[in-house]
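Residue numbers (full-length UniProt numbering): 15 to 203. Note that beta-carbon positions come from the ideal geometry of N, C-alpha and C, so glycine has one too. A short write-up of the structure that comes next.
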Amino acid sequence: GYRSRSSYKLKQLNDESDLFERGDTVVDLGAAPGGWLQVAAEEVGESGTVVGVDLQRIDELGDHDVDTIRGDMTEERTRHYLREAVGEGGADVVVSDMAPNMTGEYGLDHARSVHLARQAFDVAEELLAPGGDFVVKVFQGDDLDAFREDVRAEFQYLRTVSPPASRDSSSEVYLVAKGLNTAPVAAGD
Ligand code: SAM
15 GYRSRSSYKL
25 KQLNDESDLF
35 ERGDTVVDLG
45 AAPGGWLQVA
55 AEEVGESGTV
65 VGVDLQRIDE
75 LGDHDVDTIR
85 GDMTEERTRH
95 YLREAVGEGG
105 ADVVVSDMAP
115 NMTGEYGLDH
125 ARSVHLARQA
135 FDVAEELLAP
145 GGDFVVKVFQ
155 GDDLDAFRED
165 VRAEFQYLRT
175 VSPPASRDSS
185 SEVYLVAKGL
195 NTAPVAAGD
């Protein structure tokens, strides 16, 4: 069985948008307790690589060979460990299910969520190979559109997925961005 109900969200996103392929390298940000890691590990298979990061400890996944890092993604130190774990080949897919601790204050929770989502976007731009895919959870609110446009500009295709409304998830959406653009060649080169 899966460790979290969110596993099914990732399975659904993968079914709809074809994110994972055998042999892929996947980075999972905000990975505890490990439900998305289980799904990613199944999809990439033994020839693939999965690296998860979270503030919380992630218990070992048993049969799956998954690398985990305990750390805060807003800290450079954690990004350093992540870069080392991913290696020179870069990542094929970066997913982030990071969420702030909820205060119940809508504007504050939204702002913190966008901050985490932007951290994930930075990591995706840094680690993804050209053509790579990025999935990020973000709470709805005033800054969502600007964030969405920033992500859209760097990828070939972007879709916004709202999970079926439920009491605790009605304000979250997933941005599914496919095909990181190749960096433009500077004029004159
Ligand atoms: N996708 C996970 C799964 O399937 O098991 C569930 C992720 S849970 C909804 C969100 C996670 O984001 C929490 O475990 C939390 O610790 C993590 N998180 C929040 N802020 C973070 C940060 N700054 N750095 C790393 N992880 C963070």
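query	result
When the Cα atoms are used, what is the spatial distance from Leu189 to Pro198?	24 Å
Going by beta-carbon coordinates alone, are Asp73 and His124 separated by less than 8 Å?	no
Return the Cβ separation of Met112 and Leu130 in integer angstroms, given the expectation that the two are a contact with Cβ distance under 8 Å.	4 Å
Would you mind reading off the limits of the alpha helix (DSSP H) that contains Tyr95?	Glu90 to Val100
Is there contact between the segment 48-61 and the segment 73-88, where contact requires at least three CB pairs shorter than 8 Å?	yes
Given 7 Å as the limit, tell me if Gln154 has its C-beta closer than that to any heavy atom belonging to the ligand SAM.	no
At what residue ranges does the segment 122-197 contain a whole run of the beta strand (DSSP E), taking only runs of 3 or more?	142-153, 169-175 and 186-194
Just tell me which of Ala191, Glu89 and Glu168 has its CA closest to the CA of Val108.	Ala191
In terms of residues, what are the limits of the alpha helix (DSSP H) holding Gly48?	Per DSSP, Gly48 belongs to no alpha helix (DSSP H) and is neither H nor E.
Is any non-hydrogen atom of the ligand SAM found closer than 7 Å to the C-beta of Ser18, if you look at the structure I gave you?	yes
Please check the pair Asp38 and Val58, which I expect to be a contact at CB under 8 Å, by giving their CB distance rounded to whole angstroms.	5 Å
Return yes when the C-beta of Leu130 is under 7 Å from any heavy atom of the ligand SAM, and no when it is not.	yes
When DSSP builds the beta bridges, which residues end up paired with Ser110?	Leu43 and Val150
Kindly list the residues whose CB is nearer than 6 Å to the CB of Ala99, restricted to its own chain and excluding five residues on each side of it in sequence; keep chain order.	Val65 and Asp81
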